[in-house]
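**Student:** For reference, the structure I am asking about is given below.
In our numbering, the protein residues as written are 10 to 294.
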């Protein structure tokens, strides 16, 4: 297929194991089970390579410890390696000091593997919300250049529904931070913001609908962000035992996700967050 949009959208992946989730009562432990992580990462890198897409991979520090070769491969293929924290803990359940040390530890691990500076961060489960928005100051203090943790929606787990919908420098405690905020893409549906291009939303909406929303955003001069996890392209990966609602959110239509992702990558141009910030927002590193 030829690309049908000239605007470069942003492709992101949250790099974690199948058991990393933040529902109440879950132990983030694989129980010694084997995993398809390496195979799924090879598939994601292959899709990027074959569609000439560049991406930002938000990697857990513990994944860097378990799979250092995978992290090196991400960087070697020209993608960004950014931080997803160390152990997939919800940021709003950490103290400021715990959050700072968690991000610092992950950045140290990832920079040690790639030899390149980590520029960005995304909180597990979008857990920068109104009550811990000041945690962005920790990222600034650590020298990071952008955050991609805010989802302008409201769910039972995350979201700031009235947050700005486009890239900006956030204000915290009356001060504009020396940090870009890159919020997740949303559309307006019945007067409310809703995601369409990542995670559950990506799996739920049909391909033609997602493409329509990306095209609309591009026509309006904006970019769309796609995000997925390695487990979401593999219906044979191990599954958590979850209640009905959480299980639906976590696993709906994983069987169709890889083909949907490939179709969208072949239809639009995608780049990493840092590349977009350099080209469009004057990021200087």
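Ideal placement from N, C-alpha and C gives every residue a C-beta, glycine not left out.
All values derive from a computational prediction rather than experimental measurement.
When the Cβ atoms of the region 246-259 are set against those of the region 145-162, are three or more pairs found closer than 8 Å?
**Tutor:** Touching, no, given that fewer than three Cβ pairs across the two stretches are closer than 8 Å.
**Student:** Per DSSP, what are the beta-bridge partners of residue 180 in this structure?
**Tutor:** For residue 180, which the question treats as bridged, DSSP gives the partners 185.
**Student:** Rounded to the nearest angstrom, what separates residue 177 and residue 21 at their Cα positions?
**Tutor:** Roughly 18 Å separates the two Cα atoms.
**Student:** Identify whether residue 227 lies in helix, strand or coil by the three-state DSSP scheme.
**Tutor:** Note: residue 227 maps to helix in three-state DSSP.
**Student:** Which residue's Cα is closest to the Cα of residue 263: 285, 231, 276, 240?
**Tutor:** Measuring from the Cα of residue 263, the nearest candidate turns out to be 240.
**Student:** How big is the Cα-Cα spacing for residue 55 and residue 83?
**Tutor:** Near 11 Å, if we compare the C-alpha coordinates of residue 83 and residue 55.
**Student:** What's the C-alpha gap between residue 51 and residue 232?
**Tutor:** Roughly 26 Å between the two C-alpha positions.
**Student:** On the DSSP letters alone, give me the boundaries of the beta strand (DSSP E) that residue 92 sits inside.
**Tutor:** Taken as a continuous stretch (DSSP letters only), the beta strand (DSSP E) holding residue 92 covers 89-92.
**Student:** Curious, which full-length beta strand (DSSP E) runs of at least 3 residues does the region 37-81 contain?
**Tutor:** As far as the region 37-81 is concerned, its whole beta strand (DSSP E) runs of at least 3 residues are 64-68.
**Student:** Do you know offhand how far residue 123's Cα is from residue 67's?
**Tutor:** When rounded, the distance between both Cα atoms is 13 Å.
**Student:** Can you tell me which of 79, 99, 199 puts its alpha carbon nearest to the alpha carbon of residue 141?
**Tutor:** Of the listed residues, the one whose Cα sits closest to residue 141 is 99.
**Student:** By DSSP, does residue 173 sit in helix, in strand, or in coil?
**Tutor:** DSSP places residue 173 in coil when its eight states are reduced to three.
**Student:** Quickly, what does DSSP pair residue 22 with across the bridge? List them, please.
**Tutor:** Answer is 66, 237.
**Student:** Within 10 angstroms of its Cβ, does residue 154 collect 16 or more other Cβ (buried), or is it exposed?
**Tutor:** So residue 154 counts as buried.
**Student:** First and last residue of the alpha helix (DSSP H) that includes residue 275?
**Tutor:** Run containing residue 275: 266-276, per the alpha helix (DSSP H) assignment.
**Student:** Out of 105, 104, 59, state which residue places its alpha-carbon closest to the alpha-carbon of residue 86.
**Tutor:** Closest option to residue 86, Cα to Cα, is 59.
**Student:** Three or more C-beta pairs under 8 Å: does that hold for the region 107-119 against the region 156-165?
**Tutor:** Counting Cβ pairs under 8 Å, fewer than three are found: no touch.
**Student:** Considering only residues of the same chain and omitting the five flanking positions on each side of residue 282, which have a CB-CB separation below 7 Å?
**Tutor:** Contacts found: 19, 21, 65, 89, 129, 155, 157, 191.
**Student:** Residue 294: buried (16+ other C-beta within 10 angstroms of its C-beta) or exposed?
**Tutor:** Result: exposed.
**Student:** Note down the Cα distance separating residue 101 from residue 291, rounded to an integer number of angstroms.
**Tutor:** Computed Cα separation, rounded: 30 Å.
**Student:** What residue range is occupied by the uninterrupted beta strand (DSSP E) comprising residue 204?
**Tutor:** Looking at the DSSP string, the run of the beta strand (DSSP E) that includes residue 204 is 201-204.
**Student:** Among 72, 289, 77, which has the Cα closest to the Cα of residue 93?
**Tutor:** Closest option to residue 93, Cα to Cα, is 72.
**Student:** Between the C-alpha atoms of residue 287 and residue 253, what's the straight-line distance to the nearest angstrom?
**Tutor:** In a straight line, the C-alpha of residue 287 is about 43 Å away from that of residue 253.
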